[in-house]
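Enquirer: In my numbering, the protein residues as written are 4 to 155.
In this text, a Cβ means the ideal position worked out from N, Cα and C, and glycines have one as well.
I have a structure here, written as structure tokens, and I will follow up with some questions on it.
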């Protein structure tokens, strides 16, 4: 039997994949869904950081980045810092970090950020963070630490 699980405001308890998490103050949406505990952990880092003005958990198609022929890469988050800098954030398991797909997506995201930064369309800087599980644990809840560990 399949049961629907209602939303929760327990932002730091046991992770449940098919649950909408509510109670965010900096998210663009009242309810956010995550594919993994590390993604939810990053959302909590963004939420708790005094450096972050707002953040959003991206859905497929929100910010497609072309990376392989006609294939699009859909990152996990965008965060806006209080100084105006913006970050595209991708969360991966440590086992995936060295895969060719993840390396290709990282390169595509860096090319995208470089293009936006040099287009003259936006006066603020865009950056990219690729965060593995070890990076997230090492950062101990600090967005600035995670940004330093995972940015290129």
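For residue 87, which residues in the same chain have their Cβ closer than 7 Å to its Cβ, ignoring the five residues on either side in sequence?
Expert: On the chain shown, position 84 is the one that residue 87 refers to. Closer than 7 Å at Cβ, skipping near neighbours: 127.
Enquirer: Using only the alpha-carbon positions, how far apart do residue 9 and residue 82 sit?
Expert: Reading the chain shown from its first residue, position 6 is the one you call residue 9. Reading the chain shown from its first residue, position 79 is the one you call residue 82. In a straight line, the C-alpha of residue 9 is about 27 Å away from that of residue 82.
Enquirer: With distances taken Cα to Cα, identify the nearest neighbour of residue 96 among 134, 50, 79, 74.
Expert: As a position in the chain shown, residue 96 is number 93, starting the count at 1. Selected option, being the one with the closest Cα: 134.
Enquirer: Leaving out five residues before and five after residue 147 in sequence, what residues of the same chain have Cβ atoms less than 8 Å from its Cβ?
Expert: Residue 147 sits at position 144 when you count from the first residue of the chain shown. 52, 54.
Enquirer: Can you round the beta-carbon distance between residue 29 and residue 49 to whole angstroms, since I take them to be within the 8 Å contact cut?
Expert: Within the chain shown, the letter at position 26 stands for residue 29. Within the chain shown, the letter at position 46 stands for residue 49. Right, the Cβ-Cβ distance comes to about 7 Å (below 8 Å), so this counts as a contact.
Enquirer: With distances taken Cα to Cα, identify the nearest neighbour of residue 15 among 32, 37, 31.
Expert: In the chain shown, residue 15 corresponds to position 12, counting from 1. Closest option to residue 15, Cα to Cα, is 37.
Enquirer: Express the C-alpha separation of residue 72 and residue 6 in angstroms, rounding to a whole number.
Expert: For the purposes of this step, residue 6 is taken as residue 3 along the chain shown, with counting starting at 1. For the purposes of this step, residue 72 is taken as residue 69 along the chain shown, with counting starting at 1. Only weak support exists for where residue 6 lies, its pLDDT of 43 falling under 50; the value from the coordinates is given anyway. Cα-Cα distance, rounded: 40 Å.
Enquirer: Could you name the residues of the same chain whose beta carbon sits closer than 6 Å to that of residue 129, not counting the 5 residues immediately before and after it, in chain order?
Expert: Counting from one through the chain shown, the residue named residue 129 turns up at place 126. Excluding sequence neighbours, residue 129 sits near 89, 116, 119, 120.
Enquirer: Residue 113 to residue 150, Cα distance in whole Å?
Expert: What you label residue 113 is simply residue 110 of the chain shown in a count that begins at 1. What you label residue 150 is simply residue 147 of the chain shown in a count that begins at 1. If you take the alpha carbons of residue 113 and residue 150, they lie about 14 Å apart.
Enquirer: Determine, using beta carbons only, whether residue 2 and residue 61 come nearer to each other than 8 Å.
Expert: The structure shown has nothing for residue 2, since the chain only spans 4 to 155.
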